[in-house]
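> Under mature numbering (1 follows the signal peptide of the UniProt record, and there is no 0), the residues of the sequence shown are numbered -23 to -1, 1 to 192, in order.
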Amino acid sequence: MASSPLTRIVRYATLTIAALSLAACGINSVPTAQEAAKARWADVQSAYQRRADLVPNLVATVKASAQSETQILTNVTNARARATSINVTTDDLSNPAEFQKFQDAQNQLTQALGQLRTVVENYPELKSQARFADLMTQLEGTENRIDNARTKYNDAVQAYNTEIRTFPSIIGAKLIHGAKPMEPFTAEPSAQTAPTVNFDFGSDTPPAAPAAPKN
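1) Going by alpha carbons, who is nearest to Ala41 out of Gly91, Ala89, Glu102?
2) Going by DSSP in three states, Asn52 sits in which element: helix, strand or coil?
3) Exposed or buried, what is Thr119 when buried is set at 16 or more other beta-carbons lying within 10 Å of its beta-carbon?
4) Anyone know if the C-beta pair for residue 237 and Ile123 falls short of 9 Å?
5) Quick one: give me the first and last residue of the alpha helix (DSSP H) that Thr128 is part of.
6) Using a Cβ-Cβ cut-off of 7 Å (strictly less than) and excluding sequence neighbours within five positions of Thr127, which residues of its own chain qualify?
7) Could you give the distance in angstroms between the alpha-carbon of Ile4 and the alpha-carbon of Lys151?
8) Leaving out five residues on either side along the sequence, give the residues of the same chain with a beta carbon under 7 Å from the beta carbon of Ala89.
9) If you pair each beta-carbon of the region 58 to 65 with each one of the region 76 to 84, do three or more pairs fall below 8 Å?
10) To the nearest angstrom, how far is the alpha carbon of Ile153 from that of Pro73?
11) Between the Cα of Thr67 and those of Ile(-15), Glu140, Gln11, spot the shortest distance and give me the residue it belongs to.
12) Which of the three DSSP states, helix, strand or coil, is assigned to Tyr100?
13) Which of the three DSSP states is assigned to Ser23 in this structure?
14) Exposed or buried, what is Ile(-15) when buried is set at 16 or more other beta-carbons lying within 10 Å of its beta-carbon?
15) Which residues mark the beginning and the end of the alpha helix (DSSP H) in which Ser71 is found?
16) Just the C-alpha distance for Thr95 and Val7, rounded to the nearest angstrom, thanks.
17) Let me confirm a value: Asp17 is counted as buried when at least 16 other C-beta atoms fall within 10 Å, else exposed. Which label applies?
18) If I'm right that Glu160 touches Leu70 with Cβ under 8 Å, what's the distance once you round it to whole angstroms?
19) Just to confirm before moving on: does the CB-CB distance between Asn131 and Pro158 stay below 9 Å?
20) Taking DSSP as the reference, what is the three-state secondary structure of Thr163?
21) Could you check whether Leu116 and Leu35 sit closer than 9 Å to each other, using their CB atoms as the reference points?
22) From Val39 to Gln92, what does the alpha carbon distance come to, in whole angstroms?
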């Protein structure tokens, strides 16, 4: 026996209400997770900016005692310029290409600072300067803050991406918010390791000379 028009209307209304009820599960949870990730991103930007602000004084201090290291200092300066020229907005967090540009630029600055650290080992008189010691202490703290901020951002992004992909929030995420996955930071060999900036400021012992090449 065929269903009556009234029965079909009631059934349709019931299904619609059920679907909307499920979708409502993501109405608040999706934007809440999204805003949490954006807040963590602001912390990442602040930490990276703090590092960039330290670089000019660091370069000037090293240059005064290691004038022959022009290339290394130029590399650091150029890497800083590139890192600060790439601005990733919260909208770009769902753009893999733009996010990768930012990450690559910050990686280059990390590597350049690591090279500078290696060079400084050859200048014990520079390492003993109070100004240099203070800058290195600040850099160490900043690198730690960057690492912590990145970790918390990745955790928030994972929570958000899981939220928009999980039933029933996926319904509201797609139909109401148009939510897109956000990009996390990825670790790359020899690129994401922060430079070690713990110097022994009380020691004036120069590094050991490299071993003579074998015949």
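By construction, the Cβ of each residue, glycine as well, lies at the ideal position given by its N, Cα and C atoms. A quick note: this is a predicted structure, and the numbers were derived from the prediction, not measured.
On the basis of the data shown:
1) Glu102
2) helix
3) buried
4) This structure cannot speak to residue 237, because the chain is shown only from -23 to 192.
5) 107 to 142
6) The sequence shown places Arg at residue 127, not Thr. Closer than 7 Å at Cβ, skipping near neighbours: Val21, Phe162.
7) 10 Å
8) Asn52, Val53, Ala56
9) yes
10) 23 Å
11) Gln11
12) coil
13) helix
14) exposed
15) Premise fails: Ser71 is in no alpha helix (DSSP H) and is neither H nor E.
16) 46 Å
17) The displayed chain sequence assigns Arg, not Asp, to residue 17. The residue in question, Arg17, is buried, as its Cβ has 16 or more Cβ neighbours within 10 Å.
18) 6 Å
19) no
20) coil
21) yes
22) 13 Å
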